[in-house]
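Working notes, beginning with the structure itself.
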Amino acid sequence: MLREQALQAIYPELEDRIVVTIMGAVAAELYTLGHRPNFFYLEHAMGLASSMGLGIALALPQHKVVVVDGDGSLLMNLGTLSTLARYQPGNLLHIVFDNESLLSVGGFPTATATGTDLAGVARACGIPRVEEADTPERLKEVVVSALAGDILTTVVSKVEAVGPKSFHMDLPLLENRFQFKRALEALARQSK
Ligand SMILES: Cc1ncc(C[n+]2csc(CCOP(=O)(O)OP(=O)(O)O)c2C)c(N)n1
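Under my numbering, the first residue of the sequence shown carries the number 584, and numbering increases by one thereafter.
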């Protein structure tokens with residue numbers, strides 16, 4: 584499966600959610616499908632999208648938060664899985680696109696290319712619902728049901744190591760930060 588196809592399939596489920604992505608290829612792909620003020624592309628801080636998503640999910644329990652992660656990023660912050668499992672926010676959906684590669688910096692193989700099973704690690708850490716979804720249709724099914732329910736879910740999707748032609752995003756990091764902060768503040772006001 585191409586990650587672009589997977590994102591396309593789930594975009595309608597994401598557009599009104601709080602979404603935090605890792606940097607690089609997947610951020611550019613989501614941005615190209617249609618940027619929203621409720622999307623934050625966590626540049627530079629590799630591995631920490633899930634940690635940021637956890638903080639937001641705990642702070643805004645009435646709203647669903649979707650983290651779009653990568654294998655290299657998750658491997659850099661594997662402890663996040665046990666922290667997620669400890670706090671278990673039912674409003675958090677953690678999507679891991681596993682292309683077995685550090686694609687955004689040139690395509691070096693990660694440990695999932697040599698056998699590390701991230702879904703297995705997530706289960707062993709105590710994430711209550713762990714799914715694997717290797718077609719856009721299956722991923723969409725999992726995303727729809729996770730967002731309709733209230734169980735912390737990690738879904739690992741194997742994707743080809745193919746990125747966008749251009750990583751250009753016409754959105755300065757600070758502008759994204761201010762937009763996103765305002766979007767979160769508006770949601771926080773709604774839930775008061
Ligand atoms: C701490 C840190 N180390 C390295 C980098 C450089 N870097 C940016 S993206 C990336 C690869 C991310 O890999 P993955 O999460 O698998 O996503 P992919 O690029 O494959 O979509 C790396 C190594 C960084 N931004 N921060």
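Even glycine gets a Cβ: it sits at the ideal position worked out from N, Cα and C.
- Residue 712 has its alpha-carbon roughly 12 Å from the corresponding atom of residue 704.
- Proximity of the beta carbon of residue 613 to ligand 1 is not indicated: no heavy atom of the ligand is located closer than 7 Å.
- Between the alpha carbons of residue 709 and residue 658 lies a gap of roughly 17 Å.
- Unbroken alpha helix (DSSP H) stretches of 4 residues or longer found wholly inside the region 688-746: 701-708, 719-731, given in chain order.
- Comparing C-alpha distances from residue 610 to each of 598, 652, 647 shows the shortest one belongs to 652.
- In the structure shown, residue 623 falls within a strand segment according to DSSP collapsed to helix, strand and coil.
- Comparing C-alpha distances from residue 683 to each of 665, 671, 666, 655 shows the shortest one belongs to 655.
- Within the same chain, 742, 743, 745 come within 8 Å of residue 585 by CB-CB distance, once the 5 residues on both sides are set aside.
- Annotation: residue 593 is outside any beta strand (DSSP E); the continuous alpha helix (DSSP H) that includes it extends over 586-597.
- The straight-line gap separating the alpha-carbon atoms of residue 661 and residue 645 is approximately 27 Å.
- Taking the C-beta atoms as reference points, residue 730 is found nearer than 8 Å to residue 676.
- Comparing alpha-carbon positions, the option among 749, 768, 678 lying closest to residue 612 turns out to be 749.
- Using a C-beta cut-off of 8 Å, the region 624-639 makes no contact with the region 689-704, since fewer than three inter-stretch Cβ pairs fall below that distance.
- For residue 763, the uninterrupted alpha helix (DSSP H) segment begins and ends at 756-773.
- Take residue 752, set aside five residues on each side of it, and the residues of its chain with a beta-carbon closer than 6 Å to its own are 611, 614, in chain order.
- Excluding residues up to 5 positions away in sequence, 598 lie with their Cβ nearer than 7 Å to the Cβ of residue 619 in the same chain.
- Looking only at 672, 720, 637, the smallest Cα-Cα distance to residue 591 is reached by 720.
- For residue 607, no alpha helix (DSSP H) run applies, since DSSP gives it neither H nor E.
- Contact between residue 685 and residue 693 is confirmed by a C-beta separation of about 6 Å, below the 8 Å threshold.
- The beta carbon of residue 672 lies closer than 8 Å to those of 637, 640, 641, 644, 648, 735 in the same chain, with the five residues before and after it left out.
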